[in-house]
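One structure is given here, and the rest of the page talks about it.
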Amino acid sequence: MSLALASQLAAKKPLSAVVTCYGVPSPTICDVSVVALKSPVQGHFGSEDKQTGFSDQNAAKSLERNLEEGIERMDAAGKEITIYRYDGEDHGFLNNEERALKMRKEQGFLDVNVKSQELAWNRIFEFFNKYL
56 MSLALASQLA AKKPLSAVVT CYGVPSPTIC DVSVVALKSP VQGHFGSEDK QTGFSDQNAA
116 KSLERNLEEG IERMDAAGKE ITIYRYDGED HGFLNNEERA LKMRKEQGFL DVNVKSQELA
176 WNRIFEFFNK YL
């Protein structure tokens with residue numbers, strides 16, 4: 056589920072857990088700051104992602120800041136917020152489907168590091184095991 060969709064759902068009713076992998080919705084689509092008030096959030100971003108405003112490092116930092124500011128603004132106890140950044144990884148580094156790998160190569164993305172993938176998936180499954 057995308058973070059945009061999760062944000063819309065979490066604004067109305069808490070979700071057990073929210074994980075986003077390299078993507079932040081535009082503020083015109085939804086206000087992500089409300090998500091961490093009701094739901095724990097985990098994010099995964101590649102340090103070399105160049106999808107400006109969507110999944111680059113500034114977008115990852117902005118997401119983390121917006122989640123924390125939402126909690127502060129509401130003067131509320133928030134849920135867990137953890138944003139991971141993976142050195143040397145590009146956009147879509149968790150997708151090993153043949154079509155995705157072909158597209159990555161065509162677009163000049165970096166090769167995927169299996170260790171980064173394993174680390175990210177382990178973190179995701181641990182997070183889901185904790186909250187689901």
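Residues in the sequence shown are numbered consecutively from 56, following the numbering used here. Built from N, CA and C at the ideal position, the CB exists for glycine as well.
Of the residues assessed, G98 falls on the buried side of the cut-off, its CB having 16 or more other CB atoms within 10 angstroms.
A straight line joining the alpha-carbon of L60 with that of D166 spans about 29 Å. L92 is the residue among G108, L92, I138 whose C-alpha sits nearest the C-alpha of K67. For G143, the three-state secondary structure derived from DSSP is coil. Fewer than three pairs of CB atoms, one per stretch, sit closer than 8 Å, so the segment 141-156 makes no contact with the segment 117-124. Looking at E173, P69, F109, the one whose alpha-carbon comes closest to that of T75 is F109. With at least 16 other beta carbons inside 10 angstroms of its own, S62 counts as buried. In the structure shown, the three-state DSSP call for V87 is helix. From the listed residues K157, I126, F100, the smallest Cα separation to W176 is found for F100.
In this model, E153 and R159 are separated by some 10 Å (Cα to Cα). Here DSSP, grouped into helix, strand and coil, assigns F183 to helix. Counting along the chain, Q112 sits inside no beta strand (DSSP E); it lies in the alpha helix (DSSP H) bounded by residues 112-128. Scanning its chain for C-beta atoms nearer than 7 Å, with the 5 sequence neighbours on each side dropped, one finds around I136 the residues A91, V96, E119, L122, E123, in chain order.
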